[in-house]
Each structure stands twice: as C-alpha cells, then as structure tokens.
Amino acid sequence: MGRMFGTDGVRGIANTELTAELAYNLGRAGAYVLTEGTHKPKILVGMDTRISGDMLESALVSGILSFGAEAVCLGVVPTPAIAYLTRKLGADAGVMISASHNPVEYNGIKFFDNKGYKLSDELEDNIESVIENNFKDVPVPVGGDLGRKRVEESALEEYIEYAKSTINVDFKGMKVALDCANGAAYEAAVDTFRDLGAEVVVINNDPDGVNINKNCGSTHPEELMEYVVKKNCDLGLAFDGDADRCLAVDEKGNLINGDFILGICAKEFKKQGRLKNDTLVVTVMSNLGLDIAMKKESVNVVKTKVGDRYVLEEMVKSGYKLGGEQSGHVIFLDHNSTGDGLVTGLQLAAIVKKSGKTLSELASNIKELPQVLVNAKVPNDMKDIHEKDEEIKNEIKKIEESLHGVGRVLIRPSGTEPLVRVMLEGENQEEIDAMAHNLAKLIESKVNC
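According to the working numbering, the stretch in the sequence shown is residues 73 to 521, in order.
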C-alpha cells in the first residue's frame, strides 16, 4: 500500500477511498499523535460545503471522542479559518474536511498542529503508523473520560473579524465581484467585503452540497471574467472550494494569477518596509516574467519545489513574510500560517484602493512570458537522465544560450507517472514550442534506444 497522506492531507473519492472508517481512524490516531500532556485535549473540526462532509465529520469526530479529546465543530468555514482559530482558541490541533479545488465526489482530511501549521511528513507518518499498528498502546478511555463534542457558533464571525483586521482601509466606492465556487467562502467573503463598505456582486454562492467547484471558482474563472466587465466592477476575486487560494480579475476582464498578485503585493510591501529582507518566495513553476519584474524592483526571488508546503517551509526557516504559487495560494506570514484566499483578496483590493490605480495598471509591470509544457515518457528508474546524458545536457545549454537570458528550460520528473515534464519559457511562443517538443523527443529517444 502507498503512503496514506499525499501532498495536502489524505484525499480520495468519498465513501470508497476516503471511507467513514478511515475518517474514524484518522480522528483517533490524529488525536493521539497531536495531543500531549494531562489536560483534556481540544481539536477543532471544520469542513467545506460538499455533501460527504457530514458523513466524514461524524466519523472523524467519533474517532476524536473515542480517544477522550474534545471535538469543537465549527461547521462550514474556510481552511485558513481552521489554521487561525486553532491558534486563537488555544486548541491542540485542527482538522479540515475538504478536497480543496477537486470535484464533489472527492473529499479530504488535513490536520494542523497547535500553531496552525500543516503537519510535517514525520508527523503524518506517525499518524499513519498508529493506524497500521492497529492502535497498539493507544488509550481506550471509558465512562467520564470519553470526549465531548461541542459546536462553536461564533467561529466564522471570529475569522471574518480577523480577516478585516489585516488591512487598514475601507472599500467604500469600490465595486467587487466575488466567485465563491459554491464552497467555504460563500458567507465569509461576501460578509467581509460588505462589512468593509464595498458594493458586492456575487456568483456561485449558493452551495447545495454537489455544486462545489462545478465550472466555477479559481479553477474555472471564465464566468467571473465576463461578469466583472458586464457589471462594471473594479475587480473580481475567485476562490476555490476551501478558500485557501484566490485568483483575481482586473476591470477589463483579464485573469490576474498568483504570480501577478505576488508581484503586486511584493512591490507594495517593499515600499511600506513590510517585505522582510526584500524577499519573495515562489516555486520553480512561477513565470520568469515575475523574476524579471522583481529584479527591476530590487526584490529578491527565492524558489522552492512545487507545493505551498515547501514555500511555507522556506518562509518559516528564513523568516520571510510573503510567498506563494501561481495557482493563487498566497501566504502572508504576518497574518496566517497557511494560504488564505480571503486575506489575499483583501490585501490586493486594499492596494488597488490606496494606490488610486486600476488593477490592470498595477499588473502591467509584470509581463508574463509564453510558457510551453511537454511530457516525455521516461521509465521511473531513468527520470534523472537529463542530468546524466551529455547530449541532453548540451542541448539544454544550447537552448538556454539561444534564449539570451529571457527564457529558461525546466525539467521536472512526475511524482506519480513514468514521465518528465519539459517546460520552456521564452519571448517567442512558436520558437519555444518547437524547442520543447524537440527536447522531449531527444529525451524519449535516449531512454528507448
């Protein structure tokens, strides 16, 4: 059996892969691993709007209670609310039931420690080994030592108040369009922007349990792009199912992805003296156009492996305050310990309001370079051939020299399939398209000879 935990918790099709039994086991094992000391442990539980949430919450909470811990159920809240409230309420851990941007049939369970951070691989492995060892040595309390469940009615309100406190401007006179993906942002985002004085128009904020992420939200922003123009808005914001990521749309209907949001925020934060060491943390998949724009602003760009957890790791290790991904996972470490879609939207809208500029003007400093991604089929044991084969290494060098510093080659082995991804960036789409395909063919020819 493969590892239970993936890159963002335990995820799978609800009721076949992610069963009620597995949720119970995760609740019990998680409570055991993440709580310590003699006090009665307290664990927060939240979920997004998908129909399987009720089933999994019941099972997960049962597992927590069976260990003797208190389960505090927050209902439907964004993932970043769990991270924030775990710290604020002094809980021992937090759990979010969500499959983020995935379709409704999927669900997931992700844990946060008592400081609101996602778990290390080591802690996840500990939880997994407790389950695999059939809960050996895990206490089985009886009588009054069992846990109690309680519902925290004010959780969403507390999260909204916190989100509003991250900016010092109101949005009176602004018209903002929100696409809530029929997910966890459906109340939080609308209430927050209205409280701050914006005129809010909204789509996809009527969750019915099965319409989460369905042709909407940050993975399908096309409807919002049209809606912003139609309703004459200053900007639009698109969240994903659990609202830990946010993409924007400018007043002309152009998509403003995570690279642009990070670039706009980094420039503004540097001006305010809020950008620690004048450094922005991104992944290797961020567009080279962001690097070029940040160089002009004298902002250092540090790159990590793909995944918001690696961005966060680097930020915590070096004390950096701003980082994220092209997908809209943006981490403002002064405010929260995970990607926070609502805070991202608020920070961006605040910059628009204070600057007096349109979002399209603010984004115009960053010129996105054309990007091509081609898959090359490679056996799992030869995924490093591009680092060893001299002909391939020379070809990569030749391509990079021909791009004259305005472009790059990036080869990433797939973690799940027998292939490597050949990514090229450059100024000329046709040129890099041909180069990427030729390089992929060369790689395939070397593993098949």
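Backbone N, C-alpha and C define an ideal beta-carbon position, used for all residues, glycine too.
Assuming residue i contacts residue j under a Cβ cut-off of 8 Å, what Cβ separation, rounded to an integer in Å, is found between them?
{"i": "Leu-137", "j": "Ala-143", "result": "6 Å"}
{"i": "Lys-393", "j": "Arg-346", "result": "7 Å"}
{"i": "Arg-381", "j": "Thr-88", "result": "No, Arg-381 and Thr-88 are not in contact; Cβ-Cβ is about 26 Å, not under 8 Å."}
{"i": "Glu-295", "j": "Ile-275", "result": "6 Å"}
{"i": "Ala-522", "j": "Leu-128", "result": "No answer is possible for residue 522: it lies beyond the span of the chain, which begins at 73 and ends at 521."}
{"i": "Tyr-231", "j": "Ala-153", "result": "4 Å"}
{"i": "Val-424", "j": "Leu-307", "result": "6 Å"}
{"i": "Gly-395", "j": "Ile-403", "result": "5 Å"}
{"i": "Ile-464", "j": "Leu-514", "result": "6 Å"}
{"i": "Asp-322", "j": "Leu-431", "result": "4 Å"}
Would you give the residue range spanned by the alpha helix (DSSP H) that residue i belongs to?
{"i": "Leu-268", "result": "Careful: Leu-268 lies outside any alpha helix (DSSP H) and carries neither H nor E."}
{"i": "Gly-308", "result": "Run containing Gly-308: none in the alpha helix (DSSP H); it sits in the beta strand (DSSP E), 307 to 311."}
{"i": "Ile-457", "result": "457 to 460"}
{"i": "Gly-147", "result": "Not the alpha helix (DSSP H): Gly-147 falls in the beta strand (DSSP E), residues 142 to 148."}
{"i": "Gly-136", "result": "Sequence check: residue 136 is Ile here, not Gly. Residues 125 to 138."}
{"i": "Val-450", "result": "That residue, Val-450, is in no alpha helix (DSSP H); it is neither H nor E in DSSP."}
{"i": "Lys-302", "result": "294 to 302"}
{"i": "Ile-154", "result": "151 to 160"}
{"i": "Asp-83", "result": "Correcting the residue type first, residue 83 is Arg in the shown sequence and not Asp. Counting along the chain, Arg-83 falls outside any alpha helix (DSSP H), though it belongs to the beta strand (DSSP E) covering 82 to 85."}
{"i": "Leu-94", "result": "92 to 106"}
{"i": "Ser-432", "result": "431 to 435"}
In whole angstroms, what is the alpha-carbon distance linking residue i and residue j?
{"i": "Asn-437", "j": "Ala-365", "result": "6 Å"}
{"i": "Glu-385", "j": "Thr-416", "result": "19 Å"}
{"i": "Glu-298", "j": "Gly-325", "result": "6 Å"}
{"i": "Asp-185", "j": "Asn-466", "result": "46 Å"}
{"i": "Cys-318", "j": "Glu-224", "result": "26 Å"}
{"i": "Gly-379", "j": "Val-282", "result": "27 Å"}
{"i": "Leu-418", "j": "Thr-410", "result": "15 Å"}
{"i": "Asp-263", "j": "Tyr-96", "result": "34 Å"}
{"i": "Gly-477", "j": "Ile-468", "result": "13 Å"}
{"i": "Val-273", "j": "Glu-369", "result": "34 Å"}
{"i": "Ser-399", "j": "Ala-101", "result": "32 Å"}
{"i": "Gln-443", "j": "Glu-271", "result": "36 Å"}
{"i": "Gly-498", "j": "Gly-84", "result": "37 Å"}
{"i": "Ser-226", "j": "Ile-169", "result": "19 Å"}
{"i": "Ala-260", "j": "Gly-99", "result": "26 Å"}
For the beta strand (DSSP E) holding residue i, just list the boundary residues, first then last.
{"i": "Met-168", "result": "165 to 169"}
{"i": "Pro-485", "result": "480 to 485"}
{"i": "Leu-116", "result": "114 to 119"}
{"i": "Ala-320", "result": "318 to 321"}
{"i": "Leu-475", "result": "Neither: Leu-475 is in no beta strand (DSSP E) and is coded neither H nor E."}
{"i": "Val-248", "result": "247 to 251"}
Using 8 Å as the cut-off, can you tell me whether the segment 242 to 254 makes contact with the segment 301 to 316, which would need three or more C-beta pairs spanning the two stretches below that distance? Touching, per the Cβ criterion.
Quick check on the DSSP output: what are the complete beta strand (DSSP E) runs of length 3 or more inside the segment 181 to 242, in order along the chain? With a minimum length of 3 residues, the continuous beta strand (DSSP E) runs that stay inside the segment 181 to 242 are 221 to 223.
Quick check on the DSSP output: what are the complete beta strand (DSSP E) runs of length 3 or more inside the segment 335 to 421, in order along the chain? Within the segment 335 to 421, the complete beta strand (DSSP E) runs of at least 3 residues are 351 to 355, 372 to 376, 394 to 396, 402 to 404.
To test your reading of the DSSP string, which unbroken alpha helix (DSSP H) runs of 4 or more residues are found completely within the segment 490 to 519? Those alpha helix (DSSP H) runs which fall completely within the segment 490 to 519 and span 4+ residues are 501 to 519.
When you compare the segment 106 to 126 with the segment 152 to 164, are there three or more beta-carbon pairs, one atom per stretch, that lie closer than 8 Å? Result yes; three or more Cβ-Cβ pairs closer than 8 Å.
Should the segment 448 to 464 be called in touch with the segment 487 to 504, which here means at least 3 C-beta pairs below 8 Å? When C-beta atoms of the segment 448 to 464 are compared with those of the segment 487 to 504, three or more pairs fall below 8 Å, so the two segments count as touching.
Within 8 Å, do at least three Cβ pairs link the segment 100 to 108 to the segment 186 to 204? Yes: at least three Cβ pairs fall under 8 Å.
Check whether the segment 205 to 224 touches the segment 254 to 273, taking contact to mean three or more Cβ pairs, one atom from each stretch, closer than 8 Å. No, because fewer than three Cβ pairs between the segment 205 to 224 and the segment 254 to 273 fall closer than 8 Å, the two stretches do not touch.
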